[in-house]
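Visitor: From first to last, the protein sequence lines are chains V and D.
Sequence positions in the first sequence follow the working numbering and run 1417 to 1524.
Sequence positions in the second sequence follow the working numbering and run 3 to 115.
Glycine residues also receive a C-beta, built at the ideal position from the N, C-alpha and C atoms.
Please read these numbers as outputs of a predicted model, since none were measured by experiment.
Have a look at this one before I ask anything.
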Amino acid sequence: AQRVTQPEKLLSVFKGAPVELKCNYSYSGSPELFWYVQYSRQRLQLLLRHISRESIKGFTADLNKGETSFHLKKPFAQEEDSAMYYCASDSGTYKYIFGTGTRLKVLA
Amino acid sequence: GAGVSQSPRYKVAKRGQDVALRCDPISGHVSLFWYQQALGQGPEFLTYFQNEAQLDKSGLPSDRFFAERPEGSVSTLKIQRTQKEDSAVYLCASSLGVHNEQFFGPGTRLTVL
């Protein structure tokens, strides 16, 4: 079965430190990968998708097909980055498969 | 403009009761998706509509779950004879087309006692 794995439930970093949220996927084809974010008391929203190759709010993610990874990175964490982050794959279809999420806490 | 809305935001049901959860997608969005998110988990796909046609219901966990979108706009997810394991947040998402960005609603938190 297709799977998206986020190994860390909680990641705490200090403000200004680099952040890397890990995501691995299992799919032999060419899926589209996404990062969704959920800030406190807000709805799930798209942060970025790999095909757009954009940097949103200073975050970037590179698809590594060899390692089947799509890690989310930011060089300098801000307090407002504290949120729940979900990695997702479309597994080649419209059915998004989400990871279990990583809660990022940025400490002052 | 208004985003995806869902009602009620919270629902408490006694085991065995039927519940109906409503989703109002963004106007003009053809595709509509329902997801179930259990505590501590990511959202899991339940079903997909293109306009009024339910093209995929492979994620519905049992025949107690039923979804409809009769006029291609508002959708209702109905759960009959609710069980404790149905307790979860039910998310609705809509998109312009099946491969466009999915916009999520705030969810309905269902608690079955």
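Using 8 Å as the cut-off, can you tell me whether the segment 1443-1451 of chain V makes contact with the segment 1466-1481 of chain V, which would need three or more C-beta pairs spanning the two stretches below that distance?
Guide: yes
Visitor: Can you check which of these residues, V:Y1502, V:C1439, V:T1518, V:V1435, is closest to E1483 of chain V by C-alpha distance?
Guide: V:C1439
Visitor: Determine which residues of the segment 1490-1522 of chain V have a Cβ less than 9 Å from any Cβ of chain D, and write them out in chain order.
Guide: Y1502, C1503, A1504, D1506, T1509, Y1510, K1511, Y1512, I1513, F1514, G1515, T1516, G1517
Visitor: In whole angstroms, what is the alpha-carbon distance linking K59 of chain D and L1464 of chain V?
Guide: 27 Å
Visitor: On the DSSP bridge assignment, give the partners of N1440 of chain V in chain order.
Guide: V:T1421, V:S1485
Visitor: For Q38 of chain D, which residues in chain V fall below 9 Å Cβ to Cβ?
Guide: What Q38 of chain D touches in chain V: nothing, since even the nearest Cβ is about 11 Å away.
Visitor: For a quick check, are the C-beta atoms of A4 of chain D and Q39 of chain D less than 8 Å apart?
Guide: Not in contact: A4 of chain D and Q39 of chain D (Cβ atoms no closer than 8 Å).
Visitor: Counting along the chain, where does the beta strand (DSSP E) carrying A69 of chain D start and finish?
Guide: From DSSP, the beta strand (DSSP E) with A69 of chain D extends over 67-70.
Visitor: May I have the straight-line CA-CA distance separating V1522 of chain V from V1429 of chain V, to the nearest angstrom?
Guide: 5 Å
Visitor: Quick check on the burial criterion: 16 or more other C-beta atoms within 10 angstroms. Buried or exposed for P1434 of chain V?
Guide: exposed
Visitor: May I ask which residues mark the beginning and end of the beta strand (DSSP E) holding F1430 of chain V?
Guide: 1426-1430
Visitor: Are the segment 74-94 of chain D and the segment 1490-1497 of chain V touching, with three or more C-beta to C-beta distances below 8 Å?
Guide: No: the two stretches stay apart, fewer than three of their Cβ pairs being nearer than 8 Å.
Visitor: What span of residues does the beta strand (DSSP E) with R111 of chain D cover, start to end?
Guide: 110-114
Visitor: Ends of the beta strand (DSSP E) at Q52 of chain D?
Guide: 46-52
Visitor: Kindly indicate which residue of V:Q1461, V:T1509, V:K1473, V:Y1501 has the alpha-carbon position closest to the one of E1424 of chain V.
Guide: V:Y1501
Visitor: Of all the options D:A22, D:Y12, D:G18, D:L115, which has the alpha carbon lying nearest to the alpha carbon of F68 of chain D?
Guide: D:A22
Visitor: What are the residues that DSSP puts in a beta bridge with T1521 of chain V?
Guide: It should be pointed out that residue 1521 of chain V corresponds to Lys in this sequence rather than to Thr. DSSP output for K1521 of chain V lists V:S1428 as bridge partner(s).
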